[in-house]
Each structure stands twice: as structure tokens, then as C-alpha cells.
Amino acid sequence: MINRELIDPQSIVIVGGSNNVHKPGGRIVRNLLDGKYKGELYVVNAKETEVQGLKSYANVHEIPDTEMAIVSIPGTSCPDVVETLARHKNVKAFIIVSAGFGEESPEGAVLEDRILATVNEAEASMIGPNCIGMMNTNYHGVFTQPVPEFHPDGVDFISSSGGTALFIIESALTKGLRFSSVWSVGNSRQIGVEDILEYMDHNFDPVLSSRIKMLYVESIKNPDKLLFHASSLIRKGCRIAAIKAGSTDTGKRAASSHTGAIASSDSAVEALFRKAGIVRCFSREELATVACIFTLKEIKGKNCAIVTHAGGPAVMLADALSKGRVNVPNLEGPVADELKAKLYPGSAVGNPIDIIGTGTPEHLATAIDYCESRFEEIDLMMVIFGSPGLVKLYDTYEVLHKKMEECRKPIFPILPSIVTAGPEVKSFIRKGHVNFSDEVTLGTALSRVINTPKPAGMDIQIYGVNVPEIRRMIDSLPDGYQTPDNVRRILRTADIPLVEELVTTDRDELAAFARKVKYPVVLKVVGPVHKSDIGGVALNIRSEEHLMFEYERMIRLPDVSSIMIQPMLKGQELFLGASYEDRFGHIVLCGLGGIFVEVLQDVSYGLAPLSYDETFSMIRSLRGYPIIKGTRGQKGINEQQYADIIVRLSTLLRLSPEIKEIDINPLLGTERGLFAVDARIRIEK
7 MINRELIDPQ
17 SIVIVGGSNN
27 VHKPGGRIVR
37 NLLDGKYKGE
47 LYVVNAKETE
57 VQGLKSYANV
67 HEIPDTEMAI
77 VSIPGTSCPD
87 VVETLARHKN
97 VKAFIIVSAG
107 FGEESPEGAV
117 LEDRILATVN
127 EAEASMIGPN
137 CIGMMNTNYH
147 GVFTQPVPEF
157 HPDGVDFISS
167 SGGTALFIIE
177 SALTKGLRFS
187 SVWSVGNSRQ
197 IGVEDILEYM
207 DHNFDPVLSS
217 RIKMLYVESI
227 KNPDKLLFHA
237 SSLIRKGCRI
247 AAIKAGSTDT
257 GKRAASSHTG
267 AIASSDSAVE
277 ALFRKAGIVR
287 CFSREELATV
297 ACIFTLKEIK
307 GKNCAIVTHA
317 GGPAVMLADA
327 LSKGRVNVPN
337 LEGPVADELK
347 AKLYPGSAVG
357 NPIDIIGTGT
367 PEHLATAIDY
377 CESRFEEIDL
387 MMVIFGSPGL
397 VKLYDTYEVL
407 HKKMEECRKP
417 IFPILPSIVT
427 AGPEVKSFIR
437 KGHVNFSDEV
447 TLGTALSRVI
457 NTPKPAGMDI
467 QIYGVNVPEI
477 RRMIDSLPDG
487 YQTPDNVRRI
497 LRTADIPLVE
507 ELVTTDRDEL
517 AAFARKVKYP
527 VVLKVVGPVH
537 KSDIGGVALN
547 IRSEEHLMFE
557 YERMIRLPDV
567 SSIMIQPMLK
577 GQELFLGASY
587 EDRFGHIVLC
597 GLGGIFVEVL
607 QDVSYGLAPL
617 SYDETFSMIR
627 SLRGYPIIKG
637 TRGQKGINEQ
647 QYADIIVRLS
657 TLLRLSPEIK
667 EIDINPLLGT
677 ERGLFAVDAR
687 IRIEK
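Here you go:
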């Protein structure tokens with residue numbers, strides 16, 4: 007639980023506070039004093055009578071009733087101290103920076119359990135243990151530096167790691183990012199990242215609350231809770247960027263299928279963030295950069311103009327944007343010619359707009375004005391302007407400042423000369439702006455922002471799905487990999503089109519089926535999981551003689567129980583699968599089949615159930631999407647039908663948690679539509 011005493015305590019006791027500011031207790035006292043904390047401050051230190059100008063009490067029994075306690079003493083002493091404070095001093099909020107608990111040993115976990123029981127019994131809030139503390143506009147309850155300036159409209163930052171939080175703050179401060187609150191949750195014994203998002207969601211004020219959230223997460227204990235409250239905050243107008251550390255899952259699964267080989271805990275995180283509308287980042291620098299992007303005006307399109315006085319950085323930025331599917335359109339025609347005439351000879355306006363090294367502040371203003379008002383196709387601007395060390399840039403940055411205030415289109419300032427033009431850059435930042443000193447980092451981060459979808463709807467699409475039959479069937483089926491007949495029955499409940507097939511051991515039935523569907527046909531063994539590994543697949547069989555030859559060969563293979571025959575269809579191979587991840591649910595994967603999934607692993611992830619908006623976003627994010635659309639004279643596949651199948655499969659899975667793995671490979675796109683050619687389903691009840 008998070009209460010008022012944790013957010014805005016009127017009195018604080020620092021247990022373990024000292025005069026030594028190089029120790030955690032001493033630094034906490036110093037940070038609170040330097041931060042001009044307005045409430046009552048008490049210190050407990052048996053060896054001191056005065057700590058940094060404050061009266062020091064010998065033990066916690068002597069202090070007056072207090073709303074919050076920040077505890078910085080050996081872990082073994084914490085349970086007794088917390089018990090006294092909670093039961094006799096009416097403390098309702100605890101920040102325990104001490105370590106030596108569950109993160110260290112089983113004995114430490116027992117101490118942690120004692121503390122939690124005491125805090126919960128007192129209906130109090132607790133941050134930690136094993137954290138750096140927390141700070142906001144009301145107080146700076148941390149033992150570390152730097153302590154940023156706090157503003158109500160700054161960023162709310164929640165971190166699982168205290169040390170990482172500091173490094174991210176360092177990166178953010180150099181860019182001019184301001185903070186509203188910093189939460190270091192440590193062991194998250196009572197309050198974790200999801201709980202803080204829940205509090206921010208329930209207490210969101212459209213006027214007063216910060217609209218930007220940064221997360222550094224090491225463990226997602228309650229994915230549904232994080233999804234619900236992150237999505238809700240974003241729908242209320244917030245923007246959220248997050249790093250999820252420790253997501254790799256090497257060697258966890260035996261690759262019983264393409265889905266099993268590809269799906270991982272990281273897939274679950276990717277799908278969860280995508281569904282919530284969270285911009286996923288992969289480094290401290292990227293996280294701070296995305297948060298800075300959030301502070302600027304809303305981006306309403308993908309067409310970017312680059313205004314620069316240096317060619318190289320503009321080229322690198324254009325490359326980064328293009329790789330991230332952000333457009334840098336060519337600017338030409340009468341308006342471009344008109345702009346060129348107003349710049350120095352040698353300037354270029356094709357985009358990048360290069361006003362050259364001798365370009366003046368007036369030239370910069372002119373280029374920005376044309377992008378704002380005359381080039382209607384432009385949605386946003388990047389301005390690169392540094393110094394070779396020969397001139398002062400105050401006038402130039404003043405122009406940039408005014409244009410960022412005036413223009414309706416967002417302007418991204420890239421001011422790389424943080425040494426040679428350090429005072430000018432600091433002056434620009436003091437006016438409330440951010441600065442992106444590296445153009446490639448910005449281009450990469452911006453592409454992540456633009457390509458992150460909006461939060462998905464929570465409704466389950468059940469059209470075309472036989473809900474009652476799903477439950478009757480799943481309840482009746484055995485555990486393990488299902489027979490071809492059971493696989494087809496399951497897929498039919500979700501109205502997934504199937505290629506016609508027959509499973510038999512009878513030679514005459516095989517021959518009759520082949521004559522009915524017309525040659526060529528395909529034979530596959532039934533029984534072994536990896537059919538192709540044992541030579542259990544025969545393609546393009548064009549005669550009954552060839553059919554019988556393959557039958558005799560395949561029926562003798564190890565563990566073969568029967569033979570499956572299908573017509574040999576031609577078309578584009580697609581891939582569709584899903585894997586169940588504990589706490590997250592089903593992770594749905596889609597992509598092109600063949601080499602695209604086997605070698606390139608060009609797949610998109612989604613968290614079941616999927617909406618149509620999510621599904622189309624997944625399909626269109628594939629590197630191979632141009633093939634789905636149709637390219638170089640080749641006809642594309644039916645994208646709407648592909649989306650229909652993915653959505654219905656996700657609904658089937660949401661209603662069937664017993665399905666742990668499903669693999670439809672290939673799902674074949676033909677002129678007559680899409681058909682599941684081969685599928686594998688594993689059930690565990």
C-alpha cells in the first residue's frame with residue numbers, strides 16, 4: 007500500500023543518521039537538509055548528541071511520534087527497530103535502505119518477513135529493503151547523489167536498482183530532463199513497480215500529475231497489473247518508457263517446435279510492453295533519450311526534416327531514421343528553390359537542409375519557418391547546430407528557443423558541442439529545454455517512440471470462435487502432443503481453415519484420396535515430433551507408383567504410427583505459433599515461414615487475446631512485410647484473413663490455458679486463401 011505519509015510526510019526520523027556524510031545515514035540527513043525539507047526531522051544515533059545541527063536521540067524509544075522512518079542500520083537490527091516504530095511511535099511509512107535480507111541469504115529472508123509482517127499489521131507503507139530510498143518535490147530521502155531539482159511537471163522514475171537509477175539520472179540531467187519523483191524499490195518486499203503504477207493511475211490528476219514515466223524493471227511479478235495500469239495511464243495522456251533487464255532466456259526450452267525455439271521470457275516482455283503501449287528501451291542512454299522526446303510536442307506523422315550546418319551528422323541521422331522507418335522525404339520544387347535563394351551559396355535544401363557552416367541565426371530561422379509553414383508534408387524537425395569553437399552560439403540558440411516555443415510542429419535540438427559551447431548549451435537547457443547531443447541515439451530512440459502502438463483494447467474478439475465447444479474439447483483431451491485428428495478439431499473451433507488431409511495406414515485409402523484431390527500430393531509420418539529430421543516428409547508426389555514407394559519407406563521409420571496425405575498446395579509460407587509463459591499467458595508469434603522464421607527469426611510478438619489493431623501492427627512490423635503486401639510483381643497474401651486467423655487463435659488460447667504450445671507451420675497463403683498445412687499442439691492440464 008502507498009499512503010500519504012510515504013508521499014508527503016510531515017515528520018521524518020533517520021535511524022542511523024550521522025555526522026559523516028560519506029556514510030548512508032549521514033548523507034540522508036544532508037540530502038534532507040539541503041532539499042529544504044519543511045517538516046520535523048529527528049535523528050537516532052546512540053553515539054552522538056547532535057547530528058548536522060539536529061538533536062540526536064539515543065534510541066527509537068525516545069523520539070516523538072513520527073510519520074516516516076528512514077532506516078539505515080545493520081539488517082539484523084531492523085526488525086526490532088521497525089516493530090518499536092510501528093507499534094509505539096505511530097510510524098506509517100518506512101524506507102529501509104539497509105541490505106542483508108532476502109537478496110543475500112535465507113536468514114536475511116526471515117528478517118525481511120518479520121519486517122513485512124510488522125509493517126502490514128500497522129497498515130503502513132514500506133519501500134525496500136536494500137534500496138537507495140525515494141525522493142520527490144516534498145523530501146529527498148536518499149543516501150546518494152546526484153539529487154536533481156524536482157518539478158511537478160518532471161518525470162516520475164521508478165527503478166528496481168538503486169545504482170542503475172543513479173546512472174540513468176546522470177544521463178538524464180545532462181540532457182536537461184527534469185524529475186517529479188524517483189522511486190527505488192530495492193527488494194520490492196511490499197511495494198514494487200506495479201504497485202507504484204497502480205497508485206499513480208488511481209491518483210492521476212489531469213492538471214497536477216506528471217505525464218511522463220520512466221521504468222527500470224528487473225522482475226515483473228504481476229504482468230496483468232502492470233499491463234492494466236500502464237495502459238490506463240497512457241490512455242489518460244501519460245507516456246511510459248521502460249527497460250526490462252535480465253530478459254534473455256538462453257537454453258530454457260528444448261526446441262520441440264519453431265515456437266518453442268523462438269519464444270522466451272523476452273518475448274513475453276516484448277508482447278506485454280507492446281500491448282500496454284510502453285516504449286521499450288535497451289540502454290540507460292536510450293531510456294533517458296526517449297523520456298526527453300516525451301517532453302516535446304506530440305509527433306503527428308513520420309516525415310522528418312533535418313536542418314543542419316554540418317553534413318556528416320545529418321547523414322548519420324538520416325540513416326538512423328530510415329532504419330527505424332521514419333521518413334526523410336526529398337524536398338524539391340518551387341518552394342525548395344525559394345528557400346535555397348534565401349540561404350548562402352553552397353547551401354542544400356533537398357533534405358537534409360544544410361545551411362552550411364557559415365549560416366547565420368537568421369538562416370536557421372528561415373529554414374525552420376519553411377519547414378513549419380511551407381513544406382506541408384513535414385511533420386517534425388531535427389536541428390543540428392554545434393560550434394567549431396570560433397563563435398558564440400547564444401543568438402543561434404535563442405532563435406532555436408523561440409522557434410520551439412512558437413512552432414506547432416515538434417523541433418528536436420541536437421546541440422553536440424557540450425564542451426566548446428558548454429555555457430550556451432546550459433543557458434538553452436535552463437530555459438526548460440532538453441538537448442540531444444548525439445543524433446544517432448536520438449534517431450534510434452525516436453523510431454522506437456513512433457513505432458510503438460497505442461494501448462490495445464481489452465475486449466476479447468469471439469466472432470467465429472465456438473466458445474462452448476472449446477472448453478468441452480480441451481477438457482476431454484489427454485496431455486501431451488495431440489494427434490492430427492485432435493489438432494484439426496481444436497483448430498476448427500477457432501475457424502482456422504485447414505488443408506484437406508487423410509491419416510491412415512491403408513494403402514488403398516491413400517491411393518483413393520490422392521485420386522480425389524488430384525496429384526501432386528504430400529506424405530508425412532504421424533508419431534515423431536521432428537518429421538523432417540528422420541525423412542518423414544515427401545513432397546511433390548505425382549503418381550501412384552511414387553506414392554506407394556514413399557508409403558513403404560515411411561511406414562517403416564522409427565515410431566511411425568500412421569501416414570498423413572495432403573494435396574500439394576503452392577503459395578507463400580507463413581508462420582503462426584504461441585507459447586504459454588507463466589504469469590504472462592500466451593505469447594503469440596507471427597511471421598513469414600521458411601528461412602524467415604528458421605534463420606532470420608523475423609517474427610512479431612503479441613500477448614493473447616489480441617485486438618485487430620494489435621494484430622495488424624504485428625504483421626506490419628515484420629521485416630518481410632513487403633512480401634505479404636506483394637512485391638516485384640508477386641501477388642501478396644490476404645492480409646485481412648491472416649489477421650482474422652491470428653485474432654481467432656489468440657481467443658482460442660485465452661480460453662484454453664491448458665494449451666502450452668501451438669505451432670502452425672506452414673500456414674500457406676494461396677490464391678484461394680490461407681490454409682493450415684501442418685500444426686502441432688501440446689496440452690498440459
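First residue of the sequence shown? That's 7 in our numbering, and the numbers climb one at a time after it. The beta-carbon is built from N, C-alpha and C at its ideal position, and this holds for glycine as well. None of these values were measured; they are calculated from a predicted model.
By the Cβ neighbour-count rule, Gln-16 is exposed, with fewer than 16 other Cβ atoms within 10 Å of its own.
With the rule of 3 Cβ pairs closer than 8 Å, the segment 185 to 192 counts as touching the segment 155 to 164. Closest by C-alpha distance to Thr-458, out of Val-528, Val-332, Ile-362 and Tyr-469, is Val-332.
Residue burial annotation: Leu-606 is exposed, with fewer than 16 other C-beta atoms found within 10 angstroms of its C-beta. The segment 382 to 402 and the segment 418 to 430 touch, with three or more beta-carbon pairs separated by less than 8 Å. DSSP, reduced to helix, strand and coil, places Ile-540 within a helical segment of the structure shown. Tyr-222 sits buried, since 16 or more C-beta atoms from the chains shown fall within 10 Å of its C-beta. A Cβ-Cβ distance of about 5 Å is found for the pair Val-527 and Ala-520, placing them in contact under the 8 Å criterion. Counting along the chain, His-67 sits inside no beta strand (DSSP E), nor does DSSP assign it H or E at all.
Ranked by how close their Cα comes to the Cα of Gly-134, the residues His-94, Ala-115 and Met-570 have Ala-115 in first place. Taken in chain order, the complete beta strand (DSSP E) segments of 3 residues or longer contained in the segment 522 to 586 are 527 to 532, 543 to 547 and 568 to 573. In the three-state scheme derived from DSSP, where H, G and I count as helix and E and B as strand, Met-7 is classed as coil.
The Cβ neighbour count for Tyr-469, taken over all protein chains shown within 10 Å, is under 16; the residue is labelled exposed.
Nearest C-alpha to Ala-685 among Ala-371, Leu-497 and Asp-619: Leu-497.
Phe-100 is bridged by DSSP to Ala-75 and Met-132.
Relative to the Cα of Gly-318, the nearest Cα in the group Ile-76, Glu-445, His-94 and Glu-383 belongs to Glu-445.
The continuous beta strand (DSSP E) containing Gly-597 extends over residues 591 to 598. With contacts defined by Cβ atoms closer than 7 Å, Ile-34 and Ile-20 form a contacting pair. Membership of Val-471 in any beta strand (DSSP E) is not indicated, and neither H nor E is assigned to it by DSSP.
Taking the CA atoms as reference points, Gly-23 sits about 31 Å from Glu-200. For a cut-off of 8 Å, the C-beta gap from Gly-675 to Leu-563 is around 30 Å, too long to register as a contact. In the DSSP assignment, Glu-292 falls within the alpha helix (DSSP H) that extends over 290 to 301. For Ala-105, the secondary structure class from DSSP, reduced to helix, strand or coil, is coil.
Shortest Cα-Cα distance from Tyr-400 to any of Glu-127, Arg-688 and Ile-435 involves Ile-435. Per the DSSP secondary-structure output, Tyr-611 pairs in a beta bridge with Leu-595. A direct Cα-to-Cα measurement between Lys-524 and Pro-474 gives close to 36 Å.
For the 7 Å CB-CB criterion, Phe-149 and Pro-30 form a contact. Annotation for Pro-15: no beta strand (DSSP E) segment contains it, and DSSP assigns it neither H nor E. Per DSSP, reduced to three states, the secondary structure at Ala-247 is strand. By the criterion of a C-beta distance shorter than 6 Å, Thr-55 is surrounded in its chain by Ser-62, once the five residues flanking it on both sides are discounted.
When the Cα atoms are used, Gly-449 and Arg-660 turn out to be separated by approximately 37 Å. DSSP places Ile-164 inside the beta strand (DSSP E), whose first and last residues are 156 to 165. C-alpha of Thr-489 to C-alpha of Pro-534: approximately 11 Å in a straight line. Assigned with DSSP and collapsed to three states, Asp-512 falls in coil, not helix or strand.
Secondary structure of Ala-354 (DSSP, three-state): strand. Comparing alpha-carbon positions, the option among Glu-507, Ile-456 and Tyr-48 lying closest to Glu-68 turns out to be Tyr-48.
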